[in-house]
Structure formats: C-alpha cells, structure tokens
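One structure is given below, encoded as structure tokens.
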Amino acid sequence: MSEGLRRPFVSVKFSPAGRTYSFLLPDLAFDADDPHPTAAPAAPAAGDALVVETPDGLAVATMTRIPTALSERRQPANDSQNVVVRRATREDILQKLKQDQREQEAKRVAQLKIRERALPMKLTRVEHMLDGSRIIFYYTSESRVDFRELVRDLAAHFHTRIEMRQIGVRDEAKMLGGYGPCGRPLCCTTWLKSFEPVSIKMAKQQQLSLNPSKLSGMCGRLKCCLRYELPNGNGVKHAGCADHGDCSNPTGCGSCATGGGCGSCGHH
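The opening residue of the sequence shown carries number 1355 in this note's numbering; numbering runs sequentially from there.
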C-alpha cells in the first residue's frame, strides 16, 4: 500500500437503525475456516456479518460499505481497538441470537430487581458480550444510585461479571432511537459521532421561534441540528450524506463542511 495509507477499513452497523462505525480490516485473510491465510484479506461484501473487536469485547456487526483505503490523516479514532476479526461463522450467528435472548432476559430481571429495591434509576439498554464474559447495563438517573446490592443480585442470577454505566438523556435517545419532528431518524442514532454544545443563541442566529417545545429534541435538550444548520459557516455537518451515500467523504460520516444549512443537501 502506498505511503500515507494504511490497511483498508469497512463501515458496519450493530443494529439496522444505528449509526455507522469504521473498522480496520486485518492484515491477513480473516475467514475462520481458511487454512492458508494470505497477505491480502478476502474482501467482504455489503450485508456480510462480521465479528469485530470493540473496546468492550467481541461483537457481531453487519457490513454496510465496501472496503476503502483510509489515509493516515483520516484514521478512525482508537483504530487499534476497532478491528475486524473475521467473517461471522454459523456458530457466531447462533451465538448472537442467543445473546439477543439473554439481553432481553437480563433487562426483564434487572427491571424487576430495580422495582423491588425501589432504586431511583431507569434502565435503558442491556448489552451481553459475545463471549459471555460480562453484561453491561445502561441506565439514567437524576441522582446518585447505590446499586451494589443490585449488582450482587444480578451476578448471582447470571453468573457473570456485571457492569453498570450511567448515561445522560442524550445518550438515552441515541440508544433507543426514534424519529424527529423533521420525519427523519434521529441524527444521534444514525450518523452523529459526538454531542457538541448547543445554545439558544444558535436559534436566534437562524431567526427561529424561541418556543421550547419546537427547539427541543426527543431527549428534551436543544436539538443538535441547531448547531450544524447555522447559515454562517459554523455548521460543519449535514444529516443527509451519511444515509444516502452522496458524500464525497469516503467514510460517509456526514462531514461535508459547506456551511449551507441542513436543507442544502437535497434530502430534506
């Protein structure tokens, strides 16, 4: 590969409604059943199920974009941890189906235990690692929660490591998904990589009505689009290109810095 380029990457999704993530392909062929791996990895196709390495462990994801060479300056964040391990085998797919069932069971049991102990917390999502090493519970709460007894109950029930992670209301909306007043899937669920500060001043600059109900998103906070729809060039992202593949950026991450406003992409 030419200087300044690294190994290619693919774009994957962990759920049909989720956002796209970039994962690097391995140096060797990643077919688990290939007895003679080669230096050139076998190219996966869109729709293939892949086993990927995440900071939390192994997970199964679906590929959405063909392999693309990524330049040195546009490497994904923490690329050392975001690597494709192999194509998902039949055993991986069956394990993923069992994992989904265990997540539903874990959420049901956890919600029951939370009610029994009258804990001031709302369970948002449960993730069971593919290798069964731990279960992660995501929750929201307006106050500090002593969940030590809850963790003991869950560990005794599932016989694995239990991890509790508190998230904010924006992260909750990102995990649960939904549709905004514009009729499109939530930006934070589909393509937005991080939450940037949003102020009422941005609405004033766009001469929008200051009605809180119209400026608030599904999370109850100011809409993220108030920031990237600024008409003066401060807006740095467009919501359309990531979903429609029209973006000149090969990562498809919505980073078209034209500052023309959200509607200028032609998909609204």
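Built from N, CA and C at the ideal position, the CB exists for glycine as well.
Does DSSP put E1550 in a helix, in a strand, or in coil? In the structure shown, E1550 sits in coil (DSSP, three-state: anything other than H, G, I, E or B).
Provide the residue span of the beta strand (DSSP E) that contains L1569, from first to last. Careful: L1569 lies outside any beta strand (DSSP E), inside the alpha helix (DSSP H) at 1566-1569.
Smallest Cα separation from D1410: which of E1459, N1436, P1370? Of the candidates E1459, N1436, P1370, the one whose C-alpha sits nearest the C-alpha of D1410 is N1436.
Consult DSSP for A1413 and reduce its assignment to one of helix, strand or coil. Strand.
Can you tell me whether A1453 is buried or exposed, with buried defined as 16 or more other CB within 10 angstroms of its CB? Rather than Ala, the amino acid found at residue 1453 in this sequence is Gln. By the 10 Å Cβ count, Q1453 comes out buried.
Quick check: what's the CA-CA separation for Q1353 versus Q1560? In the structure as shown, the chain starts at 1355 and stops at 1622, and residue 1353 therefore has no counterpart that could be examined.
Rounded C-alpha distance that separates V1406 from G1531: Distance from the CA atom of V1406 to the CA atom of G1531, rounded to whole angstroms, is 23 Å.
Which residue comes first and which comes last in the beta strand (DSSP E) that contains E1496? Under the DSSP assignment, E1496 falls outside any beta strand (DSSP E); it carries neither an H nor an E label.
Under 8 Å between the Cβ atoms of T1543 and V1523? Judged by their CB atoms, T1543 and V1523 are not nearer to each other than the 8 Å cut-off.
Between the CA atoms of L1564 and H1482 - distance to the nearest angstrom: Here the C-alpha atom of H1482 lies approximately 42 Å from the C-alpha atom of L1564.
Tell me which residue opens and which closes the beta strand (DSSP E) that H1482 is part of. From DSSP, the beta strand (DSSP E) with H1482 extends over 1476-1482.
R1462, buried or exposed, once every other Cβ within 10 Å from all chains shown has been counted against 16: Answer is exposed; the Cβ neighbour count stays below 16.
Given A1472 as reference, the closest of V1439, A1509, F1501 once Cα atoms are compared: Looking from the CA of A1472, the closest CA among V1439, A1509, F1501 belongs to F1501.
For D1507 and P1362, I'd like the C-alpha separation in whole angstroms. Just so you know, the alpha carbons of D1507 and P1362 end up roughly 44 Å apart.
Using CA atoms only, rank isn't needed, just tell me which of D1525, Y1492, Y1582, R1479 is closest to S1553. Of the candidates D1525, Y1492, Y1582, R1479, the one whose C-alpha sits nearest the C-alpha of S1553 is Y1582.
Delimiting residues of the alpha helix (DSSP H) encompassing F1501: First-last for F1501: undefined, no H or E at that position.
How is the beta strand (DSSP E) around L1378 delimited, first residue to last? L1378: member of the beta strand (DSSP E) spanning 1375-1378, first to last residue.
How should G1571 be labelled, buried or exposed, when 16 other C-beta atoms within 10 angstroms of its C-beta is the threshold for buried? So G1571 counts as buried.
Secondary structure at G1599, three-state DSSP: helix, strand or coil? Unreliable positioning characterises G1599 in this predicted model, as indicated by a pLDDT of 41, which lies under 50. A coordinate reading is not provided.
Pairwise C-alpha distance: T1478 and C1578: In this structure, the straight-line span from the alpha carbon of C1578 to that of T1478 is close to 21 Å.
What are the partner residues of F1491, as DSSP defines its beta bridges? In the DSSP output, where bridge partners are listed per residue, F1491 has V1480, M1518.
Other residues of its chain near S1487: CB distance less than 8 Å, five sequence neighbours each side excluded: Hits under 8 Å: G1411, T1514, R1515.
Need the endpoints of the beta strand (DSSP E) that L1404 sits in, please. Per DSSP, the continuous beta strand (DSSP E) segment holding L1404 begins and ends at 1403-1408.
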